[in-house]
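To start, the structure itself, in structure tokens.
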Amino acid sequence: MVTFCVDAAGYLNNSNGSLNNRGTNGNYWSSTQNDATNGWNLNFNSSNSNMNNNNKAYGFSLRCLRDSEITAISPVFFLDRAYLKNWLWSIKYIYLCKMNEALLNQINQLSEAEKASLTKQIERFIFDSRIDISVEESDSKNKSANLCPHCQSSHTRKNGFQYGVQRFVCNDCKKNFRYSTGMATVHLKKKEYLKTYIPYFLEGYSLEKCAKLTGICKQTSFDWRHKILAALGKYQDEQKFSGILEADEMFFEHSEKGNKNLERTPRKRGKSVYVKKKRGISNDKIAVVVGCDRKGNKVLKVATKGRISTKDADKIFEGKVESKPILCTDGHRSYEAFAKSNNLEHHTVKVSAKEYVKKGIYHVQHVNQTASELNKWMRRFNGVSTKYLQNYLNWFAIDKLIEESQNPLKKTVLLIAGAFTAYNDYSKIIDNYNILIRP
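Numbering (the working numbering) for the sequence shown: 544 to 982.
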């Protein structure tokens, strides 16, 4: 806290800087700067109403205090208010120069690694302030040659303007669309807050904390999270596998977290002699297929209830094995049929029989490690509704890529801007869930 005091014929104690009025009228003006907000408030106060009507201040002395220490003293007589204001700003400049000098001294005391880290943080801060999500979306849309967000057709043409925004029409499906149609940010009422929200989202903060820090309500925070996660699903859809592809499945309990109208009795946690649990893999479990190659490409998709089939494997890996990778699995029959139908070389590794590596290179250790990391990563959410499980798999699949990027916010914004069907994917969450759980 820095305080500038103008005392009418009074004085300031040298020990603690307290103001003692000894003037005939006991008038004083003050200006205070709060270092936390970097705001200047020039407040002119006087107990004498006539004092504020005068253009001159008689017999005043100016003192600058910082931490109860007098850093500048200058007796001033017959100051007009404009001159007094300029004087105060001059002292502010001197104070800021001292702060900059102290800051540079502290930076010089850092190690080279700490200086590099600080530089990276400053560069990230400067870039973050320049990011405009709307501009990134428009640029991405231009690069996509105006693909129709409804049918993905490239046979489109301009169709006038709507509220000053260019509109297009698809020659195939005959539907109209704009640049923002299908984007994750369409229909957002506070799009300018999204740049503030995303860093908190990437930190893994709770919905309530993200809402409080951003200045939005909890429901909006929930909707934004899943619109972003739906957009990140495009990364998995574009994955192509090559070399050696490892595949396996893992299972999550069917969860209806958040449902206020359960049609079943609550599932018993822990062990109980009164409640019989289904053994093995039942329809109470949700199968997630995990695939990854040695180059770091990965896919995690919700497949079905219970055990997976060849149809599920075909659907998940469709269009991702065109380069004919070598498939390594634990010997599940669905993968054998999938490899045969796609003419893939297939090696089975039976870990249950203590067979871990074949011919020195064929194993499923990478996919097992990915499954283990996913289980640990999911614990922080204290359970995830099966309805939104795929969105969290989208997040995990790209989490490490975003974390290791030079600018996480930029990477996330570019991924969101490049997802032209994000809103449609978000709108289909409930429909996809109903298809998954139906008998």
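Glycine included, C-beta positions come from ideal geometry on N, C-alpha and C.
Taken in chain order, the unbroken stretches of alpha helix (DSSP H) that lie wholly in the segment 879-931 and span 4 residues or more are 908-921.
Secondary structure remark: continuous beta strand (DSSP E) runs of at least 3 residues inside the segment 676-749, in chain order: 699-705, 708-713, 719-721. Judged by DSSP secondary structure, I759 falls outside any beta strand (DSSP E); it is assigned neither H nor E. The C-beta of S764 has 16 or more other C-beta atoms within 10 Å across all chains shown, which makes the residue buried. Two segments are said to touch when three or more pairs of C-beta atoms, one from each, lie closer than 8 Å; by this definition the segment 797-815 does not touch the segment 749-763. Distance from the CA atom of V842 to the CA atom of G961, rounded to whole angstroms, is 19 Å. Nearest neighbour of Q908 by Cα position, chosen from Y976, N643, C871, R922, turns out to be C871. A Cβ-Cβ distance of about 16 Å is found for the pair P742 and L944, leaving them out of contact under the 8 Å criterion. In the structure shown, D836 falls within a strand segment according to DSSP collapsed to helix, strand and coil. Under the 10 Å beta carbon count, N840 is surrounded by 16 or more other beta carbons and is classified as buried. With contacts defined by Cβ atoms closer than 8 Å, F963 and L690 form a contacting pair.
E792 sits away from A754, with the two beta carbons spaced by 8 Å or more.
L775 is positioned such that its CB atom lies no closer than 8 Å to that of Y935.
Pairwise C-beta distances place the segment 795-802 out of contact with the segment 871-887, as fewer than three of them are shorter than 8 Å. Counting along the chain, the unbroken beta strand (DSSP E) around L788 starts and ends at 787-796. Nearest C-alpha to C694 among G707, D715, K701, V708: D715. Annotated three-state conformation of T872 is strand, per DSSP.
Its Cα nearest to that of K777, the residue Y966 stands out among P982, I980, I978, Y966. L843: member of the beta strand (DSSP E) spanning 841-848, first to last residue. Setting aside the 5 residues that flank it on each side, H889 is surrounded in the same chain by L870, A882, each with a C-beta closer than 6 Å to its C-beta; the list follows chain order. Cβ atoms of I904 and A727 stay farther apart than 8 Å, at about 40 Å. Straight-line measurement puts the Cα of K954 at about 29 Å from the Cα of I650. For T955, the uninterrupted alpha helix (DSSP H) run begins and ends at 951-960, by DSSP.
Counted as a single uninterrupted DSSP element, the alpha helix (DSSP H) harbouring S970 occupies residues 965-970. In summary, Q779 is buried, with 16 or more beta-carbon neighbours lying within 10 Å of its beta-carbon over all protein chains present. Under the three-state reduction of DSSP, K777 is assigned to helix. K838 sits away from S884, with the two beta carbons spaced by 8 Å or more. Going by DSSP, I859 is part of the alpha helix (DSSP H) stretching over 853-859. The beta-bridge partner set that DSSP reports for K828 consists of E796.
A distance of 8 Å or more separates the beta carbons of V845 and Q782. By the neighbour-count criterion, in which a residue is buried when 16 or more other Cβ atoms sit within 10 angstroms of its Cβ, T662 is exposed. In the structure shown, K811 falls within a coil segment according to DSSP collapsed to helix, strand and coil. By the CB criterion at 8 Å, V894 and D873 fall inside the cutoff.
Distance from T891 to V833 at the Cβ level is roughly 17 Å; contact not present, criterion being Cβ atoms closer than 8 Å.
It is roughly 20 Å from the alpha-carbon of K701 to the alpha-carbon of V729.
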